[in-house]
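Participant: Numbering (my numbering), first residue to last: 8 to 373. One structure is given below, represented as C-alpha cells, and several questions about it will come after.
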C-alpha cells in the first residue's frame with residue numbers, strides 16, 4: 008500500500024512538473040502563446056474538447072507536411088547545389104590544368120622564338136653583307152674597267168700620235184732620200200712636231216720628240232741619216248711596246264672580268280642560299296610567333312574563364328549556404344512548433360481541468 012502511494016506521488020509530481028514545463032515552454036514562445044489563446048477560445052466556447060484536439064492534431068499534421076515538403080525541397084536543392092558545384096569544380100580544375108600547361112608550353116616556346124629571331128637577324132645580316140660585298144666588288148670592278156678604258160684610250164692616243172710622227176718621219180726620209188724640198192720638209196717637220204707635242208702630252212714621246220727636233224735642225228745629211236736610223240729603231244720599239252701593252256691590258260681586263268664574274272657567281276650562290284634559308288627561317292618564325300600568340304591568347308582566355316568559374320563557384324556556394332541556413336532556421340522553427348503542439352495536445356488530453364483553470368484565471372487577469 009505504501010509502495011502504491013509512493014508511485015502515485017511520484018507520478019503526480021512528475022505529471023505536475025511536466026505540466027509546468029509545458030506551460031512555461033508555451034508561454035515563452037509566440038507560437039505557443041497563440042496555441043494557448045486558441046485553446047482558451049475553445050474552452051470558453053461550447054465546442055467539444057475533441058474538436059480542439061482534432062484541430063491541434065490537424066495543425067500538427069500540416070506542420071509535418073510543410074516539414075516533409077521542406078525536407079524534399081532542401082534535399083533537391085542540396086543535390087542540385089552539389090551537382091553544380093562538382094561540375095564547376097571540375098571545370099575549374101580543367102582550366103587550371105590548361106592554364107598551367109599553356110604556361111609551361113609558352114615558357115618552352117619563348118626560347119625557340121628568340122632563337123629563331125636571332126637566326127633570322129643573323130641571316131638578314133649575312134644577306135646584307137653579301138649585298139655589300141657585291142656592291143664593293145662592283146665598284147672595284149667599275150674602277151678597274153674605267154682604269155682599263157683610260158689606259159686603252161691613252162694607248163690609242165699614243166698609237167695615233169705614233170702614226171702621226173711615223174708619217175712625218177717617213178715624209179722627212181722620203182724628202183731626204185730624194186734630195187727635194189729639204190728646207191720645206193724641215194719646216195713641215197717642225198710644224199708636225201709642234202702639233203704632236205702640244206696635242207699628245209705623253210711622256211713616252213719626250214725622247215722621240217727631242218730626236219725629231221734634233222733631226223730637223225741637222226744641216227748635214229750624214230748626221231741626219233744617222234739620227235734617222237736611230238729614230239727608226241726607236242719607232243719600231245714604240246710600236247711594238249704599244250701593241251704589247253694593248254694585248255697585255257686586254258688580257259688583264261679579261262682576267263679581271265673572269266675573276267669578277269666567278270666571284271660574283273660565288274657570292275650570288277651564297278646570297279641565294281642565305282635568302283632561301285632566310286625565307287625558311289622567316290616561315291618558321293612566323294609559325295612559332297603565331298603559335299606563341301595563339302597559346303598566349305588561349306592562356307588569357309583560360310585564365311579569364313577560370314576566374315569567372317571561381318566567382319560562379321563562390322556565388323553558388325554562398326547561395327546554397329544561404330538556402331541551407333534558411334532551411335535550418337525554418338526547420339528549427341517547425342520542430343519547435345511541432346514540439347509545442349505535442350505539449351499542447353498532451354496538456355489538452357491529460358491535464359484539461361488544470362489547463363482550463365489556469366487559462367480562465369489568466370483571462371480574468373487580462
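Ideal Cβ placement from N, Cα and C applies to all residues, glycine included.
#1: Out of 303, 259, 33 and 24, which has the shortest C-alpha to C-alpha gap to residue 108?
#2: In whole angstroms, give me the CA-to-CA distance for residue 140 and residue 123.
#3: Just the Cα atoms here: how many angstroms apart are residue 169 and residue 259?
#4: Would you say residue 116 and residue 323 are within 8 Å of each other, going by their C-beta atoms?
#5: Compute the beta-carbon to beta-carbon distance between residue 380 and residue 42, rounded to the nearest angstrom, for a pair I have assumed lies under 8 Å.
#6: Look up residue 78 in the DSSP assignment and say whether it is helix, strand or coil.
#7: Closest to residue 247 by CA distance: which of 165, 66, 35 and 294 is it?
#8: Terminal residues of the continuous alpha helix (DSSP H) containing residue 380?
#9: Let me confirm a value: residue 360 is counted as buried when at least 16 other C-beta atoms fall within 10 Å, else exposed. Which label applies?
#10: Give the straight-line distance between the Cα atoms of residue 130 and residue 283, rounded to the nearest whole angstrom.
#11: Looking at residue 63 and residue 352, is the spacing between their C-beta atoms short of 8 Å?
#12: Look up residue 260 in the DSSP assignment and say whether it is helix, strand or coil.
#13: Mapping the DSSP letters down to three states, classify residue 118 as helix, strand or coil.
#14: Using the Cα positions of residue 289 and residue 127, report the straight-line distance between them to the nearest angstrom.
#15: Assign residue 176 to buried or exposed, taking buried as 16 or more other Cβ atoms, counted over all protein chains shown, within 10 Å of its Cβ.
#16: Can you give the beta carbon distance from residue 158 to residue 256, rounded, assuming they're within the 8 Å contact cut?
#17: With DSSP run on the structure shown, which of helix, strand or coil describes residue 358?
#18: If you reduce the DSSP assignment to three classes, tell me which class residue 146 lands in.
#19: Specify whether the segment 270 to 284 and the segment 135 to 149 touch according to this definition: at least 3 beta carbon pairs, one from each stretch, less than 8 Å apart.
#20: Sort 77, 39, 243 and 252 by Cα distance to residue 163 and report the nearest one.
#21: Assuming residue 71 and residue 345 form a contact by the criterion Cβ under 8 Å, report the distance between their Cβ atoms to the nearest whole angstrom.
#22: So, with DSSP's three-state summary, where would you put residue 298?
#23: Go through its chain and collect everything with a Cβ distance to residue 334's Cβ below 6 Å, but skip five positions before and after it.
#24: Assign residue 54 to one of three DSSP states: helix, strand, or coil.
#25: Buried or exposed: residue 238, going by 16 or more other Cβ atoms within 10 Å of its Cβ?
#26: Enumerate in chain order the residues of its own chain whose CB-to-CB distance from residue 281 is below 7 Å, with the five nearest sequence positions on each side excluded.
#27: Give a single yes or no on whether residue 101 has its beta carbon closer than 7 Å to a heavy atom of the ligand GDP.
#28: For residue 270, I'd like the list of residues in its chain whose CB is within less than 8 Å of its CB, leaving aside the five on either flank, ordered along the chain.
Facilitator: Concretely, from the data shown:
#1: Position 101 of the chain shown, counting from 1, holds the residue named residue 108. Nearest option by C-alpha distance: 303.
#2: Sequence index remark: in the chain shown, residue 140 carries index 133 (1-based). Sequence index remark: in the chain shown, residue 123 carries index 116 (1-based). Cα to Cα, the separation comes out at about 25 Å.
#3: Taking the first residue of the chain shown as 1, we reach residue 169 at position 162. Taking the first residue of the chain shown as 1, we reach residue 259 at position 252. The straight-line gap from Cα to Cα measures roughly 24 Å.
#4: Taking the first residue of the chain shown as 1, we reach residue 116 at position 109. Taking the first residue of the chain shown as 1, we reach residue 323 at position 316. Not in contact: residue 116 and residue 323 (Cβ atoms no closer than 8 Å).
#5: With the chain covering 8 to 373 only, the question about residue 380 has no answer from this structure.
#6: If you number the chain shown from 1, residue 78 lands on position 71. If DSSP states are grouped into helix, strand and coil, residue 78 belongs with the helices.
#7: Counting from 1 along the chain shown, the entry for residue 247 is found at position 240. Of the candidates 165, 66, 35 and 294, the one whose C-alpha sits nearest the C-alpha of residue 247 is 165.
#8: Look at the range of the chain in this structure, 8 to 373, and you will see that residue 380 is not part of it.
#9: The sequence position of residue 360 within the chain shown is 353, counting from 1. It is exposed - the Cβ of residue 360 has fewer than 16 other Cβ atoms within 10 Å.
#10: Taking the first residue of the chain shown as position 1, residue 130 is located at position 123. Taking the first residue of the chain shown as position 1, residue 283 is located at position 276. So the alpha carbons of these two residues sit roughly 10 Å apart.
#11: As a first step, residue 352 is located in the chain shown; it is residue number 345 there, counting from the start. As a first step, residue 63 is located in the chain shown; it is residue number 56 there, counting from the start. It is a contact, given that the beta carbons lie within the stated cut-off.
#12: Here residue 260 refers to the residue found at position 253 of the chain shown. DSSP places residue 260 in helix when its eight states are reduced to three.
#13: Within the chain shown, the letter at position 111 stands for residue 118. The answer is helix: DSSP assigns residue 118 an H, G or I state.
#14: Locating residue 289 in the chain shown gives position 282, where the first residue counts as 1. Locating residue 127 in the chain shown gives position 120, where the first residue counts as 1. Those two C-alpha atoms are separated by around 6 Å.
#15: Looking up residue 176 in the chain shown gives position 169. With 16 or more other Cβ atoms within 10 Å, it is buried.
#16: Position 151 of the chain shown holds residue 158. Position 249 of the chain shown holds residue 256. Confirmed, Cβ separation roughly 5 Å.
#17: Along the chain shown, one-based indexing puts residue 358 at 351. If DSSP states are grouped into helix, strand and coil, residue 358 belongs with coil.
#18: In the chain shown, counting from the first residue as 1, residue 146 sits at position 139. DSSP places residue 146 in helix when its eight states are reduced to three.
#19: yes
#20: By 1-based counting over the chain shown, the position of residue 163 is 156. Comparing Cα-Cα distances from residue 163 to each of 77, 39, 243 and 252, the minimum goes to 252.
#21: Along the chain shown, one-based indexing puts residue 71 at 64. Along the chain shown, one-based indexing puts residue 345 at 338. Residue 71 to residue 345, Cβ: 7 Å. Contact.
#22: Looking up residue 298 in the chain shown gives position 291. In the structure shown, residue 298 sits in a helix (DSSP, three-state: H, G or I).
#23: Along the chain shown, read from residue 1 onward, the residue named residue 334 stands at position 327. So the qualifying residues of the chain are 81.
#24: Reading the chain shown from its first residue, position 47 is the one you call residue 54. Reduced to three states, the DSSP call for residue 54 is coil.
#25: Stepping through the chain shown from its first residue, residue 238 is reached at position 231. Result: buried.
#26: Position 274 of the chain shown, counting from 1, holds the residue named residue 281. Closer than 7 Å at the Cβ level, and outside the excluded window around residue 281, lie 130, 133, 134 and 137.
#27: Ligands displayed in this structure: none; no statement on the ligand GDP is therefore possible.
#28: Locating residue 270 in the chain shown gives position 263, counting from the first residue. Closer than 8 Å at Cβ, skipping near neighbours: 144.
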